[in-house]
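Take a look at the structure set out below.
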Amino acid sequence: MSSTFIMRLNSKGFTLIEVLISLQILLIVLMFLPLLVQALQPETNYAHYDTDQFIRFLEREIQTGQIISVKNQQLLILNHQKQVVTIEKYQSVIRRQVNQTGHEVLLHHVDQFDLTFVNAQLNLTVIKKNGDRIATSIVPFYKQ
């Protein structure tokens, strides 16, 4: 009679092995949950960061310059150290040179680079090879 009583208790309750197995399954599911959440989140597009950084760098370069001019689609800036900084399109990049030396690439994959200086305002248009068009205007701090 006692053996049937024990069997009835075991069939109605959890055993330690069942608890450990269910805990292991729960931990495995929780381990893969962050991967599932990450896969469902939209992917961040970093493609526009290079153009934003280029524009911010150009604004800072212009604001710290003393004399600014545009000649043959080249932006010429005389800085405080009396160095001539040239920003121009070279092949498929926009580069920066100081006193006609060096090759610091500011923006890649450029198809067209247009500069105009009208009414103390620099108008800049960049067309990239993928068709993206960037247009901005920068007003220097100084007065010419």
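Residue numbers are given in this note's numbering: position 37 of the sequence shown equals residue 78, and the series is strictly consecutive.
Note that CB positions come from ideal geometry on N, CA and C, so glycine has one too.
If you're wondering where the values come from, they're calculated on a predicted model, not measured in any experiment.
Reducing DSSP to helix, strand and coil, say where residue i ends up.
i    : result
Q79  : helix
E59  : helix
N85  : Reading the sequence as shown, one finds Thr at residue 85 and not Asn. Of the three classes helix, strand and coil, the one that applies to T85 here is coil, per DSSP.
Q65  : helix
Q107 : coil
Q94  : helix
Per DSSP, residue i is paired with what?
i    : result
T166 : D155 and A176
Y131 : V134
Q115 : K112 and E129
V70  : Looking at the DSSP assignment, V70 forms no beta bridge with any residue, so it has no partner.
L148 : I135
Buried or exposed: residue i, going by 16 or more other Cβ atoms within 10 Å of its Cβ?
i    : result
P181 : buried
V70  : exposed
Taking the alpha-carbon of residue i as reference, which of the options has the nearest alpha-carbon?
i    : options                   : result
I109 : V167, A161 and T166       : A161
H121 : Q104, L81 and T92         : Q104
N171 : P75, Q153, F73 and L99    : Q153
F31  : Q114, T127, H144 and V167 : Only positions 42 to 185 of the chain appear in this structure, which leaves residue 31 out of reach.
May I ask you to check if the CB of residue i is nearer than 6 Å to at least one heavy atom of the ligand PLP?
i    : result
L117 : Although the ligand PLP was asked about, the structure shown includes no ligands whatsoever.
Is it the case that the segment 143-156 contacts the segment 125-134, given that we only count it when at least three CB pairs across the two stretches are under 8 Å?
yes
Report yes or no: do three or more beta-carbon pairs, one from the segment 55-68 and one from the segment 138-145, lie closer than 8 Å?
no
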